[in-house]
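Worksheet for the structure shown next.
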Amino acid sequence: MVGQSRKWMILIATTWIQAFTGTNFDFSSYSSTLKSVLGISQLQLNYFSVASDMGKAFGWCCGVSLMCLPLWVVLFMAAFLGVFGYGVQWLVIKQVITVPYFLVFVLCLVAGCSICWFNTVCFVLCIRNFPTNRALALSLTISFNGVSAALYTLIANAINPDDETLYLFLNALVPLLASSLALVPILRQPPLQLLSTDTTSRDSFIFFVLNVLAVFTGLYLLLLNSLSSKASRALILLGGALILLLLPLCLPGIVCGRSWARRTVHTPAFCLEGPTFSSFDPDDFDQLHKELIGNDRNNNSSSVNPFSETNKEGLFGMIMEKGRLTVLGEEHPARLLVRRLDFWLYYVAYFCGGTIGLVYSNNLGQIAQSLGYYSQISAIVTLYSSFSFFGRLLSAAPDFMLYKLYFARTGWLAIAVVPTPIAFFLLAASGGEAALLASTAMIGLSSGFIFAAAVSITSELFGPNSVSVNHNILITNIPIGSFLYGLLAALVYDSNVKSSNQENLLEEAMVCMGRDCYQRTFIWWGCISLLGLISSLLLFLRTRPAYYGYQRNRSRTQVS
Numbered sequence: 001m002v003g004q005s006r007k008w009m010i011l012i013a014t015t016w017i018q019a020f021t022g023t024n025f026d027f028s029s030y031s032s033t034l035k036s037v038l039g040i041s042q043l044q045l046n047y048f049s050v051a052s053d054m055g056k057a058f059g060w061c062c063g064v065s066l067m068c069l070p071l072w073v074v075l076f077m078a079a080f081l082g083v084f085g086y087g088v089q090w091l092v093i094k095q096v097i098t099v100p101y102f103l104v105f106v107l108c109l110v111a112g113c114s115i116c117w118f119n120t121v122c123f124v125l126c127i128r129n130f131p132t133n134r135a136l137a138l139s140l141t142i143s144f145n146g147v148s149a150a151l152y153t154l155i156a157n158a159i160n161p162d163d164e165t166l167y168l169f170l171n172a173l174v175p176l177l178a179s180s181l182a183l184v185p186i187l188r189q190p191p192l193q194l195l196s197t198d199t200t201s202r203d204s205f206i207f208f209v210l211n212v213l214a215v216f217t218g219l220y221l222l223l224l225n226s227l228s229s230k231a232s233r234a235l236i237l238l239g240g241a242l243i244l245l246l247l248p249l250c251l252p253g254i255v256c257g258r259s260w261a262r263r264t265v266h267t268p269a270f271c272l273e274g275p276t277f278s279s280f281d282p283d284d285f286d287q288l289h290k291e292l293i294g295n296d297r298n299n300n301s302s303s304v305n306p307f308s309e310t311n312k313e314g315l316f317g318m319i320m321e322k323g324r325l326t327v328l329g330e331e332h333p334a335r336l337l338v339r340r341l342d343f344w345l346y347y348v349a350y351f352c353g354g355t356i357g358l359v360y361s362n363n364l365g366q367i368a369q370s371l372g373y374y375s376q377i378s379a380i381v382t383l384y385s386s387f388s389f390f391g392r393l394l395s396a397a398p399d400f401m402l403y404k405l406y407f408a409r410t411g412w413l414a415i416a417v418v419p420t421p422i423a424f425f426l427l428a429a430s431g432g433e434a435a436l437l438a439s440t441a442m443i444g445l446s447s448g449f450i451f452a453a454a455v456s457i458t459s460e461l462f463g464p465n466s467v468s469v470n471h472n473i474l475i476t477n478i479p480i481g482s483f484l485y486g487l488l489a490a491l492v493y494d495s496n497v498k499s500s501n502q503e504n505l506l507e508e509a510m511v512c513m514g515r516d517c518y519q520r521t522f523i524w525w526g527c528i529s530l531l532g533l534i535s536s537l538l539l540f541l542r543t544r545p546a547y548y549g550y551q552r553n554r555s556r557t558q559v560s
């Protein structure tokens with residue numbers, strides 16, 4: 001029972017790490033100040049966000065390090081990468097030191113690498129300690145990464161609401177403090193234990209309670225963050241947010257107390273059971289994998305395939321049938337992964353659906369400034385962060401509704417992409433404040449869902465044991481998308497500065513004002529996200545038989 005208590009402590013520690021290490025989300029809060037201090041163009045500023053996202057391409061280094069070093073050592077390596085990357089940038093923006101442009105680029109890359117290392121450590125902690133409910137653990141902890149911008153806004157406003165350079169200082173210091181607080185639970189990890197059905201059901205109910213508490217935390221930060229413009233109020237609101245983050249600490253005591261009561265009292269009054277939720281159980285994969293492969297090889301013609309009668313001929317039929325996955329959980333090494341059409345459909349869906357939302361968040365500072373809402377940048381960034389948080393929480397919906405409404409997780413992915421093109425076309429059509437806020441919320445919700453669901457989808461489609469490598473291959477699209485989408489936005493922005501008579505100087509930095517600065521970019525981004533929607537729909541149609549086959553065989557196994 002002590003082991004059960006410890007694993008919940010690790011989950012709480014992981015949420016703390018995630019909540020304070022999403023430092024890339026507050027880039028828009030200080031990007032305009034950094035641009036003016038360095039006297040650079042929008043294109044040059046874009047390369048800084050590209051460098052931060054390029055750090056994700058080095059996620060494999062963290063995986064290799066985890067094979068050789070204790071997990072807590074890798075955690076602090078990530079923290080000190082952040083201290084160096086963000087700390088030196090803070091000295092630059094405070095004009096304490098002067099460094100060349102290329103060195104600032106390298107600092108952004110190092111800082112971005114630290115974020116990826118933190119994420120990998122958290123993924124490993126969830127997968128190790130919650131093998132049965134890993135999808136619920138991942139979606140819950142990853143969701144707290146979305147509230148980082150709101151938390152950093154509260155901390156910065158509590159110290160000095162008028163100092164935008166504080167964000168870089170906090171980005172360097174706070175993750176190190178969070179890692180230090182999480183150290184004790186990580187050092188006391190319990191050994192892996194086989195869980196009974198009752199224990200799995202109880203764990204699922206606790207996850208449900210934690211998700212409800214997380215929703216309250218998100219609503220608190222979203223609705224009250226706008227009141228934090230004064231330092232005194234920001235300090236009070238920050239205290240409330242920290243209390244909400246600390247509340248889950250009661251869980252280990254509740255777990256132990258309930259188990260003790262059920263063992264010693266034997267009364268129904270202590271049997272507080274909740275609804276049964278479950279995610280894909282990795283222990284079921286081996287058995288069902290063999291059964292499904294046997295069925296597929298020996299009786300391929302009788303397998304359920306909604307496309308077998310109508311799509312055997314033509315290009316669409318070829319796309320639907322050729323090399324599609326028939327079994328969930330089959331391990332895919334990297335060389336096999338890159339030969340899978342399903343992987344490339346998944347890659348394009350992420351590239352054109354989730355990554356484009358991240359690039360939008362990186363440009364929020366300049367977007368708000370060009371539309372005349374410079375004073376509201378922090379509120380808009382918080383809005384994106386909060387809805388990204390809710391989107392990440394919603395990624396757990398397939399697991400909570402598994403026995404009531406089963407729907408392939410790739411189908412949920414396709415639904416999640418839908419708001420993104422709508423939001424971009426709305427922004428292109430209107431430059432009003434309402435359109436900006438609504439579109440920012442939709443893009444945050446959509447991209448947040450995609451980011452959180454991606455780990456579980458990668459695990460289900462291409463194998464849970466290969467997820468650390470395969471997911472890092474998938475997210476190589478982030479630096480590529482950051483460069484291409486950001487380059488497009490920067491070229492359109494700078495061309496409007498030069499072609500108009502609006503070439504304002506904000507401390508030696510060129511500033512574009514008006515809807516034209518981003519209107520063509522929004523149209524292009526909207527069209528690109530439509531491509532992501534089409535790709536996600538094709539992925540869903542190709543993988544739907546595998547998902548329903550898995551669920552059918554899983555239900556048959558449970559009945560028998």
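Residue numbers for the sequence shown, in full-length UniProt numbering: 1 to 560. Every residue gets a Cβ at the ideal spot worked out from N, C-alpha and C, and that includes glycine.
How big is the Cα-Cα spacing for residue i and residue j?
i      : j      : result
Thr440 : Leu383 : 7 Å
Ser232 : Ile480 : 42 Å
Leu136 : Arg392 : 11 Å
Val37  : Ile93  : 6 Å
Lys156 : Ser395 : Contrary to the premise, residue 156 reads as Ala rather than Lys in this sequence. Distance between the alpha carbons of Ala156 and Ser395: 30 Å.
Ala349 : Ile97  : 42 Å
Ser229 : Gln376 : 11 Å
Leu91  : Ser446 : 35 Å
Tyr550 : Ile206 : 26 Å
Phe208 : Phe216 : 13 Å
Tyr86  : Ala172 : 5 Å
Gly526 : Phe425 : 6 Å
Ser468 : Thr120 : 8 Å
Cys517 : Ala490 : 9 Å
Ser482 : Val106 : 16 Å
Cys108 : Phe48  : 6 Å
Asn129 : Ile478 : 28 Å
Leu325 : His332 : 11 Å
Leu183 : Leu249 : 15 Å
Ala57  : Gly82  : 16 Å
Tyr152 : Leu176 : 14 Å
Phe20  : Val174 : 7 Å
Arg552 : Leu541 : 17 Å
Ile450 : Leu533 : 12 Å
With distance defined between alpha-carbon atoms, name the residue in the options nearest to residue i.
i           : options                           : result
Ala150      : Leu345, Leu187, Ala111 and Tyr220 : Tyr220
Phe343      : Ala241, Asn363, Gly463 and Leu445 : Gly463
Ala453      : Val64, Leu138, Leu107 and Gly55   : Leu138
Met77       : Val99, Trp525 and Ala111          : Ala111
Arg531      : Thr420, Val455, Asp494 and Ala546 : At residue 531 the sequence reads Leu, which differs from the Arg that was named. Of the candidates Thr420, Val455, Asp494 and Ala546, the one whose C-alpha sits nearest the C-alpha of Leu531 is Thr420.
Leu328      : Phe522, Ser456, Phe130 and Ser535 : Ser456
Ser29       : Ser447, Cys517 and Tyr374         : Tyr374
Leu227      : Leu533, Ala379 and Arg515         : Ala379
Thr15       : Val147, Val359, Leu91 and Leu427  : Val147
Ile523      : Leu539, Ile534, Ser459 and Ala423 : Ala423
Pro100      : Ser52, Leu244 and Ile40           : Ile40
Leu11       : Thr476, Gln89 and Asn133          : Asn133
Gly514      : Ser535, Leu533, Val492 and Ile528 : Val492
Ser143      : Asn211, Leu168 and Leu181         : Asn211
Thr234      : Asp162, Gly486 and Asp399         : Per the sequence shown, the amino acid found at residue 234 is Ala instead of Thr. The residue with the shortest Cα to Cα distance from Ala234 is Asp162.
Tyr547      : Trp412, Gln89, Gly432 and Ser65   : Trp412
Ala13       : Phe25, Leu245 and Asn225          : Leu245
Met442      : Phe102, Val64 and Gly353          : Gly353
Leu341      : Thr355, Ile356, Lys322 and Thr326 : Lys322
Glu164      : Gln89, Cys122 and Ile186          : Gln89
Cys126      : Tyr347, Ala434, Lys7 and Gly82    : Lys7
residue 585 : Ala214, Leu213 and Leu238         : No answer is possible for residue 585: it lies beyond the span of the chain, which begins at 1 and ends at 560.
Alpha helix (DSSP H) containing residue i: first to last residue?
i      : result
Lys230 : Lys230 -> no alpha helix (DSSP H), and no H or E assigned at all.
Ala180 : It is worth fixing the name first, because residue 180 is Ser in this sequence and not Ala. Segment Leu166 to Leu187, the alpha helix (DSSP H) holding Ser180.
Ser41  : Neither: Ser41 is in no alpha helix (DSSP H) and is coded neither H nor E.
Arg335 : Ala334 to Leu337
- Message: I'd like the ranges of any alpha helix (DSSP H) spanning at least 4 consecutive residues and lying wholly in the stretch 346 to 402.
- Response: Counting whole runs of 4 or more residues, the stretch 346 to 402 contains the alpha helix (DSSP H) stretches 355 to 362, 364 to 370, 377 to 394 and 397 to 400.
- Task: Output the residue ranges of the alpha helix (DSSP H) runs that lie fully inside the stretch 75 to 160 and measure 4 residues or longer, sorted by chain position.
- Result: Entirely contained in the stretch 75 to 160, the alpha helix (DSSP H) runs reaching 4 residues are, in chain order, 101 to 129, 134 to 143 and 148 to 159.
- In chain order, each alpha helix (DSSP H) run of at least 4 residues that lies wholly inside the stretch 405 to 487: Taking only runs of at least 4 residues, the alpha helix (DSSP H) segments lying wholly in the stretch 405 to 487 are 409 to 417, 419 to 429, 433 to 462 and 467 to 474.
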